[in-house]
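Worksheet: the structure to be examined is printed underneath.
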Amino acid sequence: MTKVSMTVNGKAVSGEVEGRTLLAEFLRNNLHLTGTHIGCDTSQCGACTVHVNGKMVKSCAILAQEADGAEVATIEGMANDDGSLGVIQAAFQEHHGLQCGFCTPGMVMAAADLLAKNTNPSEADIRSHLDGNICRCTGYHNIVKSIQAAASALS
Amino acid sequence: MYDFEFKKPGSIKAAVAMLESEDAQALGGGQTLIPTMKQRLASPAVLVSLAGIAKMQGVNVANGVMTIGGATTHADVAANAQAIPALVALAGHIGDPAVRNRGTIGGSLANNDPSADYPAAALALNATIVTDRRKIAADDFFDGMFGTALENGEIITAVRFPLPKAANYQKFLQPASRFALTGVFVADTKDGMRVAVTGASEEGVYRWTEAESALNDTPEASALDGLSVSPDGMIEDLHGTAAYRANLVGVLTKRAVTAL
Ligand code: FES
Ligand code: FES
């Protein structure tokens, strides 16, 4: 076992991991941050999307030790300090951007990654940014609408 | 995934020393290797991450050559390789945004997936693959599906691309895997036209030399009219037959030439 330390949603954390421990497993099993979902574990679905040093990555395809020392952001950090929904989360609720909700943490983190770089994305920008995020329920239209609404709310 | 020891050296020298042991394996961005290890198709005892080596990062242009560090991610190439716009477009369409933030050019070339995008760029642009111990011309680097000239433990530290007069990459996307069902990279270089094809042949990436000669005579898509591509030895799977891929080679080459 090796000790890793990182900042997760602004808080310094550390824990003991194996070489093979994935960042997704470290978040879920060590830190009990179970908002990060593992949908496929084969790096296809994007449900496990988090940010590492400000960039979206699939946490099932990065080792916990690769993220040693990094700044990590997860869905748990997207809510406001008082626990109410953050702007992107509220837009998903308002515009029916989720049904079962399994893909939603990844969708919200992908949306946050896009909006951090592009405050006024076109529909095509949004859709191509979601290339690696699969939803089996919504048909994507309302996810796109939610992200458009979040973009205008944020600007 | 079987367990292993994780190491993250800060220099090329240290990485090469760690990779001397036979069951050690270099780790780029892990976007192929980690899923492969989960399937237990690879089970190294030691994984040596190259992400901590500052010298292997970044894009530089000098004296008509663009040098990209071996550990540079696809996202960083897409953001910084403006001197070769076709490479910006290629890197910006590999996989999906999350994959592009992790996957690296060195990792992609070392893996030589028969449907990967970078091998076509390296071959068409007449790149030089720089390793910890030598320089390898792209023409001598690729060696059949998933095969390369790399020795055990040899690391791609950089890739040098001579700036072409013009270049274009046409990718026919396989939308589920986001690899190229077939892709063609055409470059007008100082040594003439070069055409590299990925995703089609069972031998992996290759140069379509007949098209190159035809284009050297007449640098227009119509020069390719009389040429045909044989389906013999083409990949055949549920996404496309060998004949379909052979046809795509001709179609995509014409599109790339037209877009030059
Ligand atoms: S769980 Fe990571 S991509 Fe599906
Ligand atoms: S809401 Fe069910 S998978 Fe997206």
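So the sequences go chain by chain: D and S.
Note that the working numbering gives residue 117 to position 117 of the first sequence, counting from 1, and the numbers run on in steps of one.
Heads up: take any position in the second sequence, counting from 1, add 155, and you land on the working numbering.
We put the beta carbon where it would ideally sit given N, CA and C, even for glycine.
All of these numbers come straight from a predicted model, not from anything done at the bench.
Closer than 8 Å to chain S by CB, residue i
i: Glu123 of chain D; result: no
i: Gly46 of chain D; result: yes
i: Ser43 of chain D; result: yes
i: Met107 of chain D; result: no
i: Glu18 of chain D; result: yes
i: Met56 of chain D; result: yes
i: Ala70 of chain D; result: no
i: Thr49 of chain D; result: yes
Interface flag, residue i vs chain D, CB-CB below 8 Å
i: Val254 of chain S; result: yes
i: Gln212 of chain S; result: no
i: Gly185 of chain S; result: yes
i: Ile189 of chain S; result: yes
Same chain, Cβ closer than 6 Å to residue i, neighbours up to 5 away in sequence not counted
i: Lys193 of chain S; result: Met156
i: Thr138 of chain D; result: Gln99
i: Cys135 of chain D; result: Cys103
i: Ala241 of chain S; result: Ala322, Asn323 and Tyr324
i: Gly405 of chain S; result: Val384
i: Leu403 of chain S; result: Phe327 and Thr337
i: Ala91 of chain D; result: Ser146, Ala149 and Ala150
Whether residue i touches residue j by CB criterion (8 Å)
i: Ala322 of chain S; j: Ile223 of chain S; result: no
i: Leu245 of chain S; j: Val339 of chain S; result: no
i: Val87 of chain D; j: Ala153 of chain D; result: yes
i: Ser198 of chain S; j: Lys163 of chain S; result: no
i: Val220 of chain S; j: Ala233 of chain S; result: no
i: Gly250 of chain S; j: Met300 of chain S; result: no
i: Thr74 of chain D; j: Thr104 of chain D; result: no
i: Thr283 of chain S; j: Ala292 of chain S; result: yes
i: Phe161 of chain S; j: Gly19 of chain D; result: yes
i: Val214 of chain S; j: Asp231 of chain S; result: yes
i: Ile329 of chain S; j: Arg257 of chain S; result: According to the sequence provided, residue 329 of chain S is Gln. The question's Ile does not apply to it. It is not a contact, given that the beta carbons lie outside the stated cut-off.
i: Leu85 of chain D; j: Thr21 of chain D; result: no
i: Leu264 of chain S; j: Ala277 of chain S; result: yes
i: Asn266 of chain S; j: Gly302 of chain S; result: no
i: Ala401 of chain S; j: Pro386 of chain S; result: yes
i: Ala61 of chain D; j: Ser43 of chain D; result: yes
i: Ser59 of chain D; j: Leu27 of chain D; result: yes
i: Ile310 of chain S; j: Ala170 of chain S; result: yes
i: Val8 of chain D; j: Val108 of chain D; result: no
Cβ neighbours of residue i in the same chain (closer than 8 Å, five flanking residues each side left out)
i: Ala110 of chain D; result: Gly46, Thr49, Met56, His129, Leu130, Gly132 and Asn133
i: Thr119 of chain D; result: Ala151, Leu154 and Ser155
i: Asp68 of chain D; result: Val4, Ser5 and Met6
i: Glu375 of chain S; result: Val412
i: Ser122 of chain D; result: none
i: Leu114 of chain D; result: Pro121, Asp125, Ile126, His129 and Ile147
C-alpha gap between residue i and residue j, whole angstroms
i: Val144 of chain D; j: Gly184 of chain S; result: 29 Å
i: Met348 of chain S; j: Gln93 of chain D; result: 54 Å
i: Pro252 of chain S; j: Asn235 of chain S; result: 16 Å
i: Asn371 of chain S; j: Asn307 of chain S; result: 38 Å
i: Asp81 of chain D; j: Ala12 of chain D; result: 17 Å
i: Gly83 of chain D; j: Glu76 of chain D; result: 10 Å
i: Gln237 of chain S; j: Ala351 of chain S; result: 21 Å
i: Ala335 of chain S; j: Val17 of chain D; result: 36 Å
i: Gly106 of chain D; j: His51 of chain D; result: 10 Å
i: Gly97 of chain D; j: Ala112 of chain D; result: 14 Å
i: Leu174 of chain S; j: Ile167 of chain S; result: 10 Å
Contacting residues, own chain, Cβ-Cβ under 7 Å from residue i (five flanking each side not counted)
i: Ala226 of chain S; result: Gly183, Leu205, Ala206, Ile208, Met211, Gln212, Thr259 and Gly261
i: Ala369 of chain S; result: Ala378, Leu379 and Leu382
i: His141 of chain D; result: none
i: Asn281 of chain S; result: Ala293, Pro317, Thr344, Asp346 and Arg349
i: Leu415 of chain S; result: Ala321, Asn323, Val341 and Asp343
i: Gly247 of chain S; result: Ala233
Given residue i as reference, the closest of the options once Cα atoms are compared
i: Val343 of chain S; options: S:Ala279, S:Ile167, S:Arg195 and S:Leu196; result: Before going on, a small fix: residue 343 of chain S reads as Asp here, not Val. It is S:Ala279 whose Cα lies nearest to the Cα of Asp343 of chain S.
i: Asp390 of chain S; options: S:Gly250, S:Leu328 and S:Ser270; result: The sequence given here places Ile at residue 390 of chain S; Asp does not occur at that position. Nearest option by C-alpha distance: S:Ser270.
i: Asp272 of chain S; options: S:Pro190, S:Thr337 and S:Thr364; result: S:Thr337
i: Gly395 of chain S; options: S:Gly302, S:Thr373 and S:Ala355; result: S:Ala355
i: Ala79 of chain D; options: D:Val72, D:Thr42, D:Gln89 and D:His95; result: D:Gln89
i: Ala200 of chain S; options: S:Gly405, S:Asp158, S:Leu393 and S:Ala313; result: S:Asp158
i: Leu31 of chain D; options: D:Gly15, D:Ile38 and D:Ser43; result: D:Gly15
i: Glu177 of chain S; options: S:Leu393, S:Leu202, S:Pro190 and S:Gly388; result: S:Leu202
i: Arg362 of chain S; options: S:Asp295, S:Ala304, S:Glu175 and S:Arg195; result: S:Asp295
i: Lys117 of chain D; options: D:Asn29, D:Val8, D:Gln65 and D:Gly54; result: D:Gly54
i: Ala217 of chain S; options: S:Gln180, S:Thr364, S:Arg315 and S:Thr191; result: S:Arg315
Along the stretch 247–274 of chain S, what residues have a CB closer than 8 Å to any CB found in chain B?
Here chain B cannot be found, since the structure's protein chains are D and S.
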